[in-house]
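Enquirer: Heads up, the sequence shown is in full-length UniProt numbering, so the first residue is 1 and it goes up one at a time.
Questions regarding the structure given below will be posed in turn.
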Amino acid sequence: MNLKGRNFLTLKDFTPEEIIYLLELSAELKAKKKAGELTEYYKGKNIALIFEKTSTRTRCSFEVAAHDLGMGSTYLDPTGSQIGKKESIADTARVLGRMYDGIEYRGFGQDIVEELAKYAGVPVWNGLTNEYHPTQMLADMLTIHEHFGHLQGIRLVYMGDARYNMGNSLMVACSKLGMHFTACTNSKYFPNDELVAQCHEYAKESGATITLTEDVEEGTRNADVIYTDVWVSMGEPDEVWEERIKDLTPYRVTKHVMENAGEKAIFLHCLPAFHDLKTKIGKEMGQRFGLTEMEVTDEVFESAQSKVFDEAENRMHTIKAVMAATLGLPEGL
Ligand code: CP
Ligand code: NVA
Numbered sequence: 001m002n003l004k005g006r007n008f009l010t011l012k013d014f015t016p017e018e019i020i021y022l023l024e025l026s027a028e029l030k031a032k033k034k035a036g037e038l039t040e041y042y043k044g045k046n047i048a049l050i051f052e053k054t055s056t057r058t059r060c061s062f063e064v065a066a067h068d069l070g071m072g073s074t075y076l077d078p079t080g081s082q083i084g085k086k087e088s089i090a091d092t093a094r095v096l097g098r099m100y101d102g103i104e105y106r107g108f109g110q111d112i113v114e115e116l117a118k119y120a121g122v123p124v125w126n127g128l129t130n131e132y133h134p135t136q137m138l139a140d141m142l143t144i145h146e147h148f149g150h151l152q153g154i155r156l157v158y159m160g161d162a163r164y165n166m167g168n169s170l171m172v173a174c175s176k177l178g179m180h181f182t183a184c185t186n187s188k189y190f191p192n193d194e195l196v197a198q199c200h201e202y203a204k205e206s207g208a209t210i211t212l213t214e215d216v217e218e219g220t221r222n223a224d225v226i227y228t229d230v231w232v233s234m235g236e237p238d239e240v241w242e243e244r245i246k247d248l249t250p251y252r253v254t255k256h257v258m259e260n261a262g263e264k265a266i267f268l269h270c271l272p273a274f275h276d277l278k279t280k281i282g283k284e285m286g287q288r289f290g291l292t293e294m295e296v297t298d299e300v301f302e303s304a305q306s307k308v309f310d311e312a313e314n315r316m317h318t319i320k321a322v323m324a325a326t327l328g329l330p331e332g333l
């Protein structure tokens, strides 16, 4: 399989075979790392990391993975460059494309990362936009595969805001890979009709199903994976909190939800999570709305069913695979 020169902007652009290939390469790179084998095949290459929103996992994954592959990296933070303020995306892309071998972009609209890719002349990797979070998908799929030994037929239920990057991306990934995707949430937060229709097309090929339901008991019964994300995403205005809390509290992941799914079910969350409201924003929102927990209870988050830290670790191995594959595989990989 040759993915050299490709961008990684959304899984919609990749066939199921290409996605499986990236997962296999991730597993191979993970095994090499665990065995202490060096993989510095990309010495002399450099990558740029543009972050217009904050990050812990994605930034660290790109930096560690680049270092492991022998590459240099430059981090451009949300305030420290000219991007989008004094300089257009097209000009930025053409400048960075002259200096770097690949560019990661985390920011707002998907159109921005598409524009960057159009002009860069080197692979562009989407590190999260409002619409999609494709590198997160590979980490999630690798984690599910490691746990269950397969992806085909897995029942994944997403609870929360299913119209945003995580809900959209999970629906795309599941429908491409023959998994059963359920968005279990208030109908205001169902993914948009156009994307649902597109995913139904993928599902016809793969044997996947897509279900949208407001019924928690029905929706989560016998699920293999219960997945949630923050109720308010980065870049959304503060005013939305009140309505989100009101609409989404019935869709919090509780012990009851996990019991309804069954003992074998696992809990996943892309993180960061509001599970104990001990963080700055968590405390503030907890006090303002009289809450002690948000999208997932601390009990579930800390339970044996929760695989969130395996999932977080897998961000690094999968991002390494995306960079290696799109920069072109050397001898030995
Ligand atoms: N899951 C994820 O993308 O985490 P960060 O925002 O910390 O990168
Ligand atoms: N929906 C979240 C995902 C964070 C990884 C956000 O966009 O903030």
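Glycine included, each C-beta is placed from N, C-alpha and C at the ideal position.
Rounded to the nearest angstrom, how far is the Cβ of Glu104 from that of Gly84, given a contact under 8 Å?
Expert: Going by Cβ atoms, the distance from Glu104 to Gly84 rounds to 15 Å, so no, they are not a contact pair.
Enquirer: If you follow the alpha helix (DSSP H) that Thr10 is part of, which residue opens it and which one closes it?
Expert: Looking at the DSSP string, Thr10 is not in any alpha helix (DSSP H), and its letter there is neither H nor E.
Enquirer: May I have a chain-ordered list of the alpha helix (DSSP H) segments no shorter than 4 residues that lie completely inside the segment 113-192?
Expert: Residue ranges of uninterrupted alpha helix (DSSP H) with 4 or more members, entirely inside the segment 113-192 and ordered along the chain, are 134-148 and 165-176.
Enquirer: I need the straight-line Cα distance from Leu291 to Glu284, nearest angstrom please.
Expert: 10 Å
Enquirer: If the criterion is Cβ atoms closer than 8 Å, does the pair Gly70 and Tyr41 meet it?
Expert: yes
Enquirer: Just to confirm, are Asp238 and Asp161 a CB contact at a threshold of 8 Å?
Expert: no
Enquirer: In the structure shown, what three-state DSSP assignment does Asn314 receive?
Expert: Under the three-state reduction of DSSP, Asn314 is assigned to helix.
Enquirer: If we count the other Cβ atoms within 10 Å of its Cβ and call it buried at 16 or more, is Gly36 buried or exposed?
Expert: exposed
Enquirer: Would you kindly report the start and end of the unbroken beta strand (DSSP E) that includes Arg252?
Expert: Neither: Arg252 is in no beta strand (DSSP E) and is coded neither H nor E.
Enquirer: Could you check if Cys270 belongs to the surroundings of the ligand CP, using beta carbon to heavy atom distance under 7 Å?
Expert: yes
Enquirer: Return the CA-CA distance between Ile89 and Thr79, expressed in angstroms with no decimal places.
Expert: 15 Å
Enquirer: Within 10 angstroms of its Cβ, does His200 collect 16 or more other Cβ (buried), or is it exposed?
Expert: exposed
Enquirer: For the beta strand (DSSP E) containing Arg106, name the first residue and the last one.
Expert: Gly102 to Arg106
Enquirer: Using three-state DSSP, classify Thr279 as helix, strand or coil.
Expert: Three-state DSSP puts Thr279 in coil, outside helix and strand.
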